[in-house]
Amino acid sequence: MPLSPIPRGVYSSVTEIAPKALAAKGIRLVLADLDNTLVPYKVTQPPPEVIAWKEALEEAGIALFLMSNSR
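Just so you know, we're using the working numbering here: the sequence shown kicks off at 68 and counts up by one.
Have a look at this one:
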């Protein structure tokens, strides 16, 4: 799959993105922004559903790389 900045889907939460579906497309790395993507602004701990999603990514052989422009 070629790299493209154009979104291929719209989701209300990252947890709606199925790790197995990503793996089936050959995706091995997910880049995610921390603030207001994985957690709301100023929240220091991810909710249980995001932790479960991260673990499902790992089980599917996908690495999660966190990025943030906040302190």
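Beta carbons: idealized from backbone N, C-alpha and C, even for Gly.
Output the distance between the C-alpha atoms of residue i and residue j, rounded to the nearest integer angstrom.
{"i": "GLN45", "j": "VAL97", "result": "Here the chain comprises residues numbered 68 to 138, so residue 45 is not present and cannot be evaluated."}
{"i": "ASP100", "j": "ALA91", "result": "23 Å"}
{"i": "GLU83", "j": "LYS109", "result": "22 Å"}
{"i": "ILE94", "j": "GLU122", "result": "16 Å"}
{"i": "LEU105", "j": "ARG75", "result": "19 Å"}
Run through the DSSP bridge pairs and tell me what residue i is partnered with.
{"i": "LEU131", "result": "VAL97"}
{"i": "VAL106", "result": "ASP102"}
Thinking C-alpha only, which one of the options is nearest residue i?
{"i": "MET134", "options": "ASN103, GLY76 and ALA119", "result": "ASN103"}
{"i": "ALA119", "options": "ILE73, VAL81, PRO74 and VAL77", "result": "VAL81"}
{"i": "SER89", "options": "GLY128, TYR108 and GLU116", "result": "It is Leu, not Ser, that sits at residue 89 in the sequence shown. Comparing Cα positions, the closest option is GLY128."}
Helix, strand or coil, according to DSSP, for residue i in the structure here?
{"i": "ILE118", "result": "helix"}
Given a cut-off of 9 Å on the beta-carbon distance, is the pair residue i and residue j in contact?
{"i": "PRO86", "j": "GLU126", "result": "yes"}
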